[in-house]
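Colleague: Chains as they are written, first to last, in the working numbering: chain A, 159 to 335; chain B, 3 to 503. Backbone N, C-alpha and C define an ideal beta-carbon position, used for all residues, glycine too.
1) On the CB-based measure, 16 or more other CB atoms within 10 Å of its CB, does residue 322 of chain B come out buried or exposed?
2) So is residue 364 of chain B in contact with chain A if we call contact Cβ pairs under 8 Å?
3) Look at the Cβ atom of residue 367 of chain B, then the Cβ atom of residue 482 of chain B, and state whether they are nearer than 8 Å.
4) Short of 9 Å Cβ to Cβ, which residues in the region 21-47 of chain B face chain A?
5) Report whether the distance from the Cβ of residue 446 of chain B to the nearest heavy atom of the ligand ZN is below 7 Å.
6) For the structure I just gave you, are there three or more beta carbon pairs, one from the region 269-288 of chain A and one from the region 194-213 of chain A, closer than 8 Å?
7) Can you tell me whether residue 371 of chain B is buried or exposed, with buried defined as 16 or more other CB within 10 angstroms of its CB?
8) Quick one: what's got a C-beta closer than 6 Å to residue 214 of chain B's C-beta in the same chain, skipping five residues either side?
9) For residue 294 of chain B, count neighbouring Cβ atoms within 10 angstroms of its own Cβ and tell me buried if that reaches 16, exposed if not.
10) Does residue 392 of chain B come out as helix, strand or coil in the three-state DSSP assignment?
11) Evaluate residue 302 of chain A with the Cβ neighbour count: other Cβ atoms within 10 Å of its Cβ, from every protein chain shown; 16 or more gives buried, anything less gives exposed.
12) Does DSSP classify residue 138 of chain B as helix, strand or coil?
13) With three or more C-beta pairs closer than 8 Å as the rule, is the region 303-319 of chain A touching the region 21-40 of chain B?
14) Answer yes or no: do residue 447 of chain B and residue 484 of chain B have a C-beta to C-beta separation smaller than 8 Å?
15) Using DSSP with H/G/I as helix, E/B as strand and the rest coil, what is residue 295 of chain A?
16) Take residue 324 of chain A and list the residues in its own chain whose beta-carbon comes closer than 8 Å to its own, dropping the five residues that flank it on each side.
17) DSSP three-state label for residue 235 of chain A, please.
18) Could you check where the beta strand (DSSP E) with residue 401 of chain B kicks off and where it finishes?
19) Residue 330 of chain A touches chain B at which residues, Cβ-Cβ below 7 Å?
20) Using three-state DSSP, classify residue 39 of chain B as helix, strand or coil.
21) With DSSP as the reference, identify every bridge partner of residue 229 of chain B, one or two as the case may be.
22) Within 8 Å of any Cβ in chain B, is that where the Cβ of residue 205 of chain A sits?
23) For residue 193 of chain A, report the span of its alpha helix (DSSP H) as first-last.
24) Per DSSP, what kind of secondary structure is residue 299 of chain B in: helix, strand or coil?
25) Opposite residue 416 of chain B in the DSSP bridges: which residues?
26) When you compare the CB of residue 367 of chain B with every CB in chain A, is at least one pair closer than 8 Å?
27) Any beta-carbon of chain B closer than 8 Å to the one on residue 325 of chain A?
28) Distance check for residue 435 of chain B and residue 11 of chain B, CA to CA, integer angstroms please.
29) For residue 189 of chain A, which of A:309, A:315, A:317, A:234 has the nearest alpha-carbon?
30) Quick check on the burial criterion: 16 or more other C-beta atoms within 10 angstroms. Buried or exposed for residue 374 of chain B?
31) Flag residue 13 of chain B as yes if its beta-carbon sits less than 8 Å from any beta-carbon of chain A, otherwise no.
32) Do you know whose CA, among A:267, A:225, A:230, A:300, lies nearest residue 312 of chain A's CA?
33) Is the beta carbon of residue 296 of chain B closer than 8 Å to that of residue 224 of chain B?
34) Count the CB pairs spanning the region 418-427 of chain B and the region 491-500 of chain B that are closer than 8 Å, and state whether there are at least three.
35) Tell me the DSSP bridge mates of residue 486 of chain B?
36) What residue range is occupied by the uninterrupted beta strand (DSSP E) comprising residue 213 of chain B?
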């Protein structure tokens with residue numbers, strides 16, 4: 159069997175694309191909160207990764223970590239060029255939201271609450287936003303996040319808890335106004 | 003009735019249950035686009051025969067061969083690994099085989115093949131059935147240690163050798179800039195002696211810098227004047243003339259295109275303007291006052307040729323040597339941060355913090371001693387705050403630890419030094435030593451710290467009469483520790499505790 163034949167590589171690409179591209183997209187959207195820019199950056203990251211496969215060094219980490227390294231740099235460059243936090247999220251500008259909840263009637267409220275949470279991510283430090291985006295956006299495990307960030311699993315869990323608490327407090331703070 | 007604020011658990015549930023999805027249209031378009039790009043890569047690989055493959059220890063560019071009879075027997079190949087892109091990422095699927103005790107090569111589940119080596123060029127056999135007919139793959143060296151120093155990318159158009167004032171830098175990074183009017187071209191070739199050569203060409207306006215890396219030890223150096231840069235001998239050649247070829251293979255129709263991102267804002271006029279029309283660029287620059295430096299370090303030779311002033315060239319060379327020898331780190335975009343970038347960590351009594359600062363262009367020192375009083379208090383949650391602030395261009399980082407109520411705070415500031423920088427003295431100061439290095443302890447400096455509480459309210463803590471700042475240079479860094487309402491006896495202890503690891 160020729161592992162290097164073109165069809166095989168294209169098939170493997172399809173597997174990767176279905177599994178990983180949505181993760182990258184969600185991560186980027188959590189950081190940018192703009193559909194059009196998230197799409198642009200996702201395209202950029204995928205294309206860059208494809209073009210730089212020969213630079214990927216498994217000795218330095220998993221492929222997924224490498225991909226998210228590229229994504230983080232792309233997001234950071236973008237935000238740096240804007241020199242500002244992402245704009246508030248508009249519900250009608252959100253991408254498609256899938257909600258695992260029943261009954262369906264509650265889904266609108268969930269989407270509204272979800273938008274509120276996305277809006278409030280800006281109260282977090284950039285690093286905590288990154289953790290939230292990796293955990294809930296990209297759907298990575300604490301262990302994977304720890305490997306990407308060079309942290310311990312426990313540290314990730316602690317920081318995520320603190321980030322959630324900070325989000326909660328921002329809701330409380332808003333309620334007191 | 004007003005809705006109750008969300009609880010932590012509700013936020014967690016919400017984030018877990020609801021998720022955004024890329025639109026079907028976007029998925030389809032991107033898939034098509036990427037398949038085209040992938041097809042182009044495969045065709046390119048098939049045409050020029052190079053395909054990057056990982057063999058557990060190093061990257062190789064494999065090149066198919068037609069005639070194995072020309073190749074001499076292999077000396078040492080420990081394993082043959084077939085990498086197929088993907089599996090849990092773009093991933094890697096490995097089928098490996100190993101050398102047996104006699105040294106002959108036995109491929110697992112495949113027919114035996116004969117890997118071979120010619121001089122520095124490692125050659126292995128292909129494991130495929132076809133490879134039994136003409137079963138050789140030439141391996142052109144490219145180990146991880148040979149990851150190029152410079153990796154121009156589409157989103158960071160600023161080479162590490164360029165000054166970065168235009169993206170908001172607070173400090174001069176030693177080099178006069180080619181930014182924003184520079185463009186880069188990069189290529190790897192293999193010369194007649196099978197030495198891998200990488201050329202990075204930076205050019206803009208009428209200036210250019212060509213950096214050439216030759217990945218082989220003890221390469222002959224050109225004739226010229228031997229000088230020292232950062233204690234390393236380099237050869238300087240002056241009054242060169244010729245034409246600098248700025249190959250445009252990657253550009254369309256000889257038209258250069260500005261890189262994405264990397265600019266905007268800042269004091270120097272912003273980065274490349276994406277709205278500008280593409281501009282024509284010369285294919286070569288004729289020069290009559292060229293200067294070049296070349297040196298051998300770490301089994302590779304680097305030469306820099308430019309028509310910039312000699313002082314600029316030497317600055318670039320000095321910085322390049324620092325990068326090459328590891329005394330200065332330049333983040334290579336595309337890789338996750340290394341553990342070394344995990345700079346500040348403290349486990350206090352009952353409450354801990356860790357702060358990550360990524361993508362710094364230098365390796366920050368870590369504090370090993372911090373005053374205990376900063377971390378003691380009644381309410382555990384409100385004992386202290388801590389932040390790490392990274393400078394816009396990664397040339398500075400600041401750790402801040404503070405207690406709002408008592409206005410005690412500590413700032414540890416680290417940055418790339420400015421050329422000609424000296425130890426500044428205030429009206430009231432004394433000379434001290436930090437790890438044997440001269441330092442200046444200034445009293446009552448002007449300083450303040452803006453801190454935020456969890457509700458987003460900010461408060462400015464201002465240095466009072468009980469404040470000090472300690473300034474010194476170490477590890478190619480300019481360092482400053484500022485304390486307010488912290489005993490001055492702590493200053494040198496904190497400074498002495500700043501170490502690389």
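Modeller: This is what the structure holds:
1) That one is buried.
2) no
3) no
4) 21, 22, 23, 24, 25, 26, 28, 29, 31, 32, 33, 35, 36, 37, 39, 40, 41, 43, 44, 45, 47
5) For the ligand ZN, the structure offers nothing, since it holds no ligand at all.
6) no
7) exposed
8) 201, 305
9) buried
10) DSSP places residue 392 of chain B in strand when its eight states are reduced to three.
11) buried
12) Here the model assigns residue 138 of chain B a pLDDT of 28, short of 50, so the residue's position is not dependable and the matter cannot be decided.
13) no
14) Yes, they are a contact pair.
15) helix
16) 281, 282, 286
17) helix
18) 398-405
19) 7
20) helix
21) B:236
22) Yes, residue 205 of chain A counts as interfacial toward chain B.
23) 193-209
24) strand
25) For residue 416 of chain B, which the question treats as bridged, DSSP gives the partners B:399, B:481.
26) No, its Cβ sits nowhere closer than 8 Å to a Cβ of chain A.
27) yes
28) 52 Å
29) A:234
30) exposed
31) True, the Cβ-Cβ gap to chain A drops below 8 Å.
32) A:300
33) yes
34) A contact between stretches requires three or more CB pairs, one per stretch, nearer than 8 Å, and the region 418-427 of chain B fails this requirement with the region 491-500 of chain B.
35) Beta-bridge partners assigned by DSSP to residue 486 of chain B: B:411, B:469.
36) 209-216
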